[in-house]
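Peer 1:
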Amino acid sequence: PPNSWILYRKAKHEETVAQNPGLSNNQISTLISTMWAREPNEVRNTYKDLADRAKRQHAVQNPGYRYKPRKSSEVKRRQKRN
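Take the sequence shown: its letters are residues 1 to 82, numbered as in the UniProt record's numbering.
(1) Any chance you could list the alpha helix (DSSP H) runs of at least 4 consecutive residues sitting entirely within the UniProt domain "HMG box" (1-66), in chain order?
(2) From residue 40 to residue 21, what distance separates their C-alpha atoms?
(3) For the 8 Å Cβ check, are there 3 or more pairs between the segment 43-55 and the segment 5-16?
(4) If we ignore side chains and look at the alpha-carbon of each, how far apart do residue 38 and residue 80 end up?
(5) Grouping DSSP H, G and I as helix and E and B as strand, with all else coil, what is residue 80?
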């Protein structure tokens, strides 16, 4: 499930792109990251609450789910097969 930063970035992305045409995704993320850092705690807490809600919903929809990151060697091996 998305965390508070991801939800904030998603909410601000379209508006930021419209205001800054021609910027790359990296530049957009940097700009939104600066905006996020300047947001008051009330705004940040709003997105934290949304992230918590998404996390709870994910837990209900996927009981027993456990994040299992792969080792980089395993990922490379799988890529070679494809």
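Backbone N, C-alpha and C define an ideal beta-carbon position, used for all residues, glycine too. This structure is a prediction, so every number in the text was calculated from the model and none was measured.
Peer 2: Inspection of the coordinates gives the following:
(1) 4-19, 25-38, 41-61
(2) Along the sequence shown, read from residue 1 onward, the residue named residue 40 stands at position 40. Along the sequence shown, read from residue 1 onward, the residue named residue 21 stands at position 21. Using only the alpha carbons, I get a separation of about 27 Å.
(3) yes
(4) Walking along the sequence shown from the start, residue 38 turns up at place 38. Walking along the sequence shown from the start, residue 80 turns up at place 80. Their backbone Cα atoms lie some 43 Å apart in a straight line.
(5) Counting from one through the sequence shown, the residue named residue 80 turns up at place 80. Three-state result, residue 80: helix.
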